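Numbering (the working numbering), first residue to last: 157 to 407.
Worksheet: the structure to be examined is printed underneath.
What follows is the structure, given as structure tokens:
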């Protein structure tokens with residue numbers, strides 16, 4: 157848990173600095189109000205998540221309901237398999253969160269942000285976090301990954317998620333090759349477009365492999381930047397207040 161928290165705080169500090177010096181899209185003047193709501197949601201979710209890495213590592217060691225013994229793969233090969241399987245599961249869970257109305261009601265809190273920066277990473281409804289933790293924990297327990305196999309994906313997923321939401325501009329010569337296998341800020345900003353056909357694309361958490369494989373990938377070369385972010389239904393000042401964010405699923 158200490159390593160997870162340290163990596164998160166270090167990544168946030170670095171990305172906030174990069175957003176100042178390498179800004180991709182001009183932020184709205186109200187960004188500090190946004191940060192309050194996003195960070196407040198993030199704090200709530202971190203309280204829910206607090207024991208999750210410990211629970212996953214416990215399941216990885218105890219394997220009380222494992223139907224597959226992934227420990228036979230060893231730490232290195234097992235970590236690679238865990239990255240692929242966990243990221244594939246994250247892709248489908250994310251895609252289903254757009255397809256199934258009851259999951260979308262929870263997930264749309266994340267998409268209702270009118271801007272996009274590193275704080276958007278934390279903007280998830282607590283109900284969505286709870287559902288995801290239950291499903292992911294069940295999967296980890298069933299597959300029987302060890303702690304050494306699972307930890308690399310936990311840290312990698314966290315860092316890439318923070319990075320892909322950050323409002324930073326990378327040189328094209330650097331970012332274009334990365335998009336062949338990694339979700340970058342320009343790839344993920346398309347997913348936060350206010351236009352639904354763009355929103356329903358680029359579901360990948362870490363790897364762009366799954367979007368390419370299942371034909372949901374939209375290249376940033378085709379969509380350099382969405383016309384605007386957020387959801388048309390939630391664009392007023394009142395819609396962005398913290399109480400409204402908590403109430404979004406039932407509105």
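For each residue, glycine too, the CB sits at the ideal point set by N, CA and C.
Model, not experiment: these values are computed from the prediction.
Secondary structure note for residue 282: its alpha helix (DSSP H) is the uninterrupted segment 282 to 299.
For residue 184, no alpha helix (DSSP H) encloses it, and the DSSP letter there is neither H nor E.
Cβ-Cβ separation between residue 320 and residue 292: approximately 19 Å, too far for a contact (criterion under 8 Å). In this structure, the CA atom of residue 274 is about 7 Å from the CA atom of residue 171. Here residue 262 is not bridged, per DSSP, to any residue. Taking residue 360 as reference, the option from 253, 284, 162 and 324 with the minimal CA-CA separation is 253. Per the C-alpha coordinates, the member of 324, 245, 311 and 383 positioned closest to residue 288 is 245.
Counting along the chain, the unbroken alpha helix (DSSP H) around residue 319 starts and ends at 303 to 321. For the pair residue 282 and residue 180, the CB atoms are not nearer than the 8 Å cut-off. In the three-state scheme derived from DSSP, where H, G and I count as helix and E and B as strand, residue 349 is classed as strand. Nearest Cα to residue 193 within the set 406, 405 and 399: 399.
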